[in-house]
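S.K.:
Numbering (my numbering), first residue to last: 18 to 211.
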């Protein structure tokens with residue numbers, strides 16, 4: 018077992034590296050551009066939303082619970098569609114707050130990766146052993162968590178696949194830092210006489 022205190026450097030450096038890689042993935046590379054679409058008549062939708070004076074939150078449409086499905090008009094509205102969800106923010110996006118929040122998430126993933134890896138391996142563990150365990154934990158954290166949400170709320174298979182690919186890259190980056198900076202085995206204070 019390795020002390021978490023010995024892993025503060027790979028925790029922080031892997032979080033910083035993943036932050037930079039994610040910035041490149043979202044800002045410089047083209048693979049996420051098809052994930053989001055513009056509406057043909059965006060102004061009409063924006064005006065309709067403004068007239069509703071809806072507050073921040075996530076809305077499903079058509080909004081209808083199981084009791085309301087007994088009403089033929091509401092059932093017809095449900096069957097006619099379209100179906101979807103709408104996330105309304107409290108105001109303009111605050112990119113600084115969002116970036117800080119994402120970085121904190123990356124630190125938490127790195128901390129949990131450190132926790133699992135430290136319970137499995139002792140100081141001085143081989144590079145590939147550290148890489149495999151840290152990589153498996155980080156890849157699961159970055160790649161798998163959003164899949165159920167995406168499946169249930171209609172994200173495209175392509176968008177989810179791009180997120181999984183990003184997560185695999187983030188996990189491999191995290192694994193690389195943990196394997197590189199894994200503590201060496203302690204040298205005995207008193208050499209053996211044999």
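Even glycine gets a Cβ: it sits at the ideal position worked out from N, Cα and C.
Mind checking residue 27: buried by the 16 CB within 10 Å criterion, or exposed?
M.R.: buried
S.K.: Within its chain, find whatever has a CB closer than 6 angstroms to the CB of residue 52; leave out the 5 residues flanking it on each side and keep chain order.
M.R.: Here the set comprises 176.
S.K.: Quick one: what's got a C-beta closer than 8 angstroms to residue 29's C-beta in the same chain, skipping five residues either side?
M.R.: 124 and 127
S.K.: Short check: CB of residue 134 to CB of residue 151, under 7 angstroms?
M.R.: yes
S.K.: For the alpha helix (DSSP H) containing residue 90, list its first residue and its last residue.
M.R.: 89-97
S.K.: Kindly give me the distance between the Cβ atoms of residue 140 and residue 200, rounded to whole angstroms, as I take these residues to be in contact under 8 angstroms.
M.R.: 4 angstroms
S.K.: Using the three-state DSSP reduction, which class does residue 184 fall into: helix, strand or coil?
M.R.: Reduced to three states, the DSSP call for residue 184 is helix.
S.K.: For residue 180, count neighbouring Cβ atoms within 10 angstroms of its own Cβ and tell me buried if that reaches 16, exposed if not.
M.R.: buried
S.K.: Put residue 78 into one of helix, strand or coil per three-state DSSP.
M.R.: strand
S.K.: Roughly how many angstroms separate the alpha carbons of residue 79 and residue 137, rounded to a whole number?
M.R.: 49 angstroms
S.K.: So what does residue 104 bridge to, in DSSP terms?
M.R.: 75
S.K.: DSSP three-state label for residue 27, please.
M.R.: helix
S.K.: Hey, out of 182, 113, 146 and 160, whose CA is closest to residue 48's CA?
M.R.: Checked all of 182, 113, 146 and 160; the closest Cα to residue 48 is 182.
S.K.: Based on Cα-Cα distance, which residue from 20, 25 and 41 lies nearest to residue 186?
M.R.: 41
S.K.: Going by other Cβ atoms of all chains shown within 10 Å of its Cβ, with 16 needed for buried, is residue 174 buried or exposed?
M.R.: exposed
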